[in-house]
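Peer 1: I am attaching a structure below and will ask some questions about it afterwards.
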Amino acid sequence: MVCLGNICRSPLAEGILKSKLPNDSFVIDSAGTGDYHIGKKPDSRSIAIANKHGLDISNLRGRQFKVSDFDAFDIIYVMDASNFRNVLILTRNEKDKAKVKYILNEIHPNQNDAVPDPYYGGHDGFEKVYNMLDEACTIIANKLQN
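The structure is reproduced here in structure tokens:
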């Protein structure tokens, strides 16, 4: 799961998907394309919205996406076009490129819709983002388990 700073959208997506899959069978992680929040907790509003839905993401820490993530993960879900471009810049080959997907394409195939960044908005933006990610992660979990 990749967003810009790894404190709002991607840690929410990580926590949501982890809650839907057995942790002994899947490795789920998140990262940011920027280095702004390395080592920091998710945004307090992301933590609060996750808690509201019974998830604890307070133990997650921001990290920057790196080339070796293409070796560690089968799918790289991005939140928007900027993240998509920034991750593609790091690809080494077609195999890496094929792993990069917009997360909302799971709901609306081939639309490349963005998960809006709620950072500068109010609390309701985090709720909307949570609901989008929850819907997408439910589809992802179902696909991965079947």
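Residue numbering for the sequence shown follows my numbering, beginning at 1332 and increasing consecutively.
Think of the CB as a built atom: it goes at the ideal place given N, C-alpha and C, for glycine as much as any other residue.
(1) Which same chain residues end up closer than 8 Å to Lys1432 when comparing Cβ atoms and leaving out the 5 residues on each side of it in sequence?
(2) In three-state DSSP terms, what is Tyr1461?
(3) For Asp1366 and Phe1396, I'd like the C-alpha separation in whole angstroms.
(4) Quick check on the burial criterion: 16 or more other C-beta atoms within 10 angstroms. Buried or exposed for Ala1412?
(5) Report the option in Ala1403, Ser1399 and Asp1374 whose CA atom is closest to the CA atom of Asn1390.
(6) How do the stretch 1336-1343 and the stretch 1353-1370 stand: do at least 3 beta-carbon pairs fall below 8 Å, yes or no?
(7) What residues match up with Gly1363 in a beta bridge as DSSP calls it?
(8) So within the stretch 1401-1451, which uninterrupted beta strand (DSSP E) runs reach at least 3 residues, ignoring any that extend past its ends?
(9) Quick one: Cα of Ile1369 to Cα of Met1332, how far?
(10) How is Ser1377 classed by DSSP in three states: helix, strand or coil?
(11) Using beta-carbon positions only, say whether Phe1513 and Leu1475 come within less than 9 Å of one another.
(12) Suppose you measure from the CA of Phe1537 to the CA of Gly1452; what does that come to, to the nearest Å?
(13) So the candidates are Arg1376, Ile1378, Glu1425 and Tyr1461; which of them puts its Cα closest to the Cα of Ile1434?
(14) Need the endpoints of the alpha helix (DSSP H) that Leu1352 sits in, please.
(15) Is the Cβ-Cβ distance between Pro1447 and Lys1459 less than 9 Å?
Peer 2: A quick look at the data gives this:
(1) Ile1406, Ile1407, Tyr1408 and Val1409
(2) Note: Tyr1461 maps to helix in three-state DSSP.
(3) Whole-angstrom Cα-Cα distance: 9 Å.
(4) Exposed.
(5) With respect to the C-alpha of Asn1390, the residue from Ala1403, Ser1399 and Asp1374 having the closest C-alpha is Asp1374.
(6) yes
(7) Cys1334 and Gln1395
(8) 1407-1409 and 1431-1433
(9) 15 Å
(10) helix
(11) Any answer about residue 1513 is impossible in this case: the structure gives the chain only from 1332 up to 1477.
(12) Within the shown structure, residues of the chain are numbered from 1332 to 1477, placing residue 1537 beyond reach of any answer.
(13) Tyr1461
(14) No alpha helix (DSSP H) holds Leu1352; DSSP gives it neither H nor E.
(15) yes
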